[in-house]
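Peer 1: full-length UniProt numbering numbers the first residue of the sequence shown as 1 and each following residue consecutively.
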Amino acid sequence: MTQTAQDFTKTRRASLIAAIFMMATSAIGPGFITQTATFTAKMGAAFAFGILASILIDFVVQLNVWRIVTLTRMRAADVANNAIPGSGYLLAVLVIFGGLVFNVGNIAGAGLGLNALMGLDAKWGGGLSALLAIGIFLSHRAGVAVDRLIVVLGLVMIALTLFVAFASNPPLGEALYQTVLPDQINFATITTIVGGTVGGYITYAGAHKLLDRGTTGVENLQAVTKAALGGIMVTGLMRYILFLAILGVVASGVVIDTSGQGANPAAQAFQAAAGQFGLRVFGLILWAASITSVIGAAYTSISFITVFKPDITEQGRNRATTVFIALSLLIFALMGTAPAALLLFAGGFNGLILPIGLSIFIYVGWRRSDLMGGYHYPRWLLVLGALTCLLTWYMAIKSVGPIFAFLNVA
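1) Suppose the cutoff is 7 Å on Cβ atoms and the five residues either side in sequence are ignored; what does the same chain contact list for residue 120 look like?
2) Just confirm the distance between the C-beta atoms of residue 102 and residue 200, as a whole number of angstroms; I'd bet it's less than 8 Å.
3) Grab me the residues of residue 183's own chain with a C-beta within less than 7 Å of its C-beta, minus the 5 sequence neighbours each way, in chain order.
4) In terms of residue numbering, what span does the alpha helix (DSSP H) encompassing residue 174 cover?
5) Below 8 Å between beta carbons: does that hold for residue 298 and residue 313?
6) Are the beta-carbon atoms of residue 332 and residue 104 separated by less than 8 Å?
7) In this structure, how does DSSP classify residue 375 when only helix, strand and coil are distinguished?
8) Taking residue 19 as the reference, give the member of 207, 194, 112, 57 with the closest Cα.
9) Hey, how far is the Cα of residue 326 from the Cα of residue 254?
10) In the stretch 215 to 284, which residue ranges form an unbroken alpha helix (DSSP H) of at least 4 residues, counting only runs that do not cross its ends?
11) Return the chain-ordered list of same chain residues with a C-beta closer than 6 Å to the C-beta of residue 271, the five sequence neighbours on each side being excluded.
12) How many Å lie between residue 324 and residue 137 at the Cα?
13) Where does residue 313 fall in DSSP's three states?
14) How should residue 159 be labelled, buried or exposed, when 16 other C-beta atoms within 10 angstroms of its C-beta is the threshold for buried?
15) Can you give me the start and stop residues for the alpha helix (DSSP H) that residue 67 sits inside?
16) Tell me the rounded alpha-carbon separation between residue 123 and residue 108.
17) Given that a residue counts as buried once 16 or more other Cβ atoms are within 10 Å of its Cβ, and exposed if not, what is residue 252?
18) Which of the three DSSP states, helix, strand or coil, is assigned to residue 183?
19) Tell me whether residue 212 sits in a helix, a strand or coil according to DSSP, three-state version.
20) Could you compute how far the alpha carbon of residue 174 sits from the alpha carbon of residue 83?
21) Quick one: grab the DSSP three-state call for residue 410.
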C-alpha cells in the first residue's frame, strides 16, 4: 500500500470513529440518563421495551440518514430543499430550535454532573462547562480537539456505567423478559426516549461529521454503513447497561424521587448502588455525557445554518457555534424550570421533530435517486424506513400533551 493510500485509509478511519462517537455521545446525553432513571423508577423492568424500541428505531433512522446524506454529498437541509423546495428551511429552523432547547438541557445536565461530582452549585457548574465548550470551539484546532474529546469521554462513560451496572446487581431475567413482553407500554416515554437518543439534531450528528470530513459517495458507502451500525451498537449497549444499573437499584426496593426542583433521579440510583463513590462516578458520567452533548448539539445545529448562508467558512461556523452555546447558557441562567424536568421535555420535543425529517429522507430514497447520483436505494431499507416513519408520527401525535406537561413539574 502506497503512502498516499495509507494516509487516505487512516484519515477515513479517523473520520468514521469521530462520526460514531459524535452520534453516540449526542445520543447518550444527560437527557437520556435522566429520562432512563425517571422512567425506570416509574415503570421498573417494563421500561426495557422502551429501550429496545429506541434501539430499533435508531437502527432504521441512522442507517437511512447516514447513507442518503453521504450519497447526495449534501447536508440534510440541502437534501430536503432539493427534494421538496422550502422544506429544508423548515427542517433547519426546527433542528436549530430543537438543538437550542436540548442544549439548555445539556448545560443543565453538566451542572447536575459537577454538583454530584464535587458539590458545586448546578448553575455555576453549567456555566463553567458551557465556557469550556466555547473555549474548545474558539481553538485554532477545534475540529481535532472535538474529535479527540468525544472519543475519550465516550469510552470513560461506558466503562464507569458498566462498573455501576455490576454493583447494582439487576434482575437480568426479568429485564430480558420485559424487553420483549412488557407489562405496560407508554407512548409518551418511548417518544421521549427516542427523541432523547435519535430525535432532532441527533439524527444528523454523525452524518454531518462524515460530510465535513469528506467521507461521501458510493465509494465510501460500505464504510459509512459499517460506521452507522457501529454507532448504533455502541449507543444500544450503553443504553441497556445504564437501564440495568438503575433497574438493580429500583428492584432492591430503593425509592427514587423523580419530582421536585432538586430531583436528580440518576444520582440517587448511582449513590444507592455504590455509596458516595457511586455518586462521584455518576457525576463524572453525567458531566462527560453533558459536555460532549453540548458540543454535539452546537456543532450539528449550526451545521444547518449553511442552508441560509452557503458561503460561511469553517471559522465562521465555529464563531456561530460559540454564540449558540452562549445563548443556551443565557437561557439556562434565566429559566426557573427544574433541570430534570427540562431534560425530559427536551427529549420529548426532539421526538416530535424526528418524523418530519425522516419523512423527507424516505421520500428522497423512494423517488429521488437523481440526488444520489442515480444510486438504486435498497427497497428493504426504505420499507423499514416508511414503517418507522409512520410509527414516529403516531407516537408524536399521541405524546404531544404529556411531553409539554413535563414543563409543569413543580
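Cβ coordinates follow ideal geometry from the N, Cα and C atoms, glycine included.
Peer 2: In short:
1) 114
2) 6 Å
3) 46
4) 172 to 180
5) no
6) yes
7) coil
8) 207
9) 39 Å
10) 221 to 251
11) 278, 279
12) 11 Å
13) coil
14) exposed
15) 48 to 72
16) 7 Å
17) exposed
18) coil
19) helix
20) 46 Å
21) Any answer about residue 410 is weak, because its pLDDT of 41 lies below 50 and its placement is not dependable; what the coordinates show is given next. In this structure, residue 410 counts as coil in the three-state DSSP scheme.
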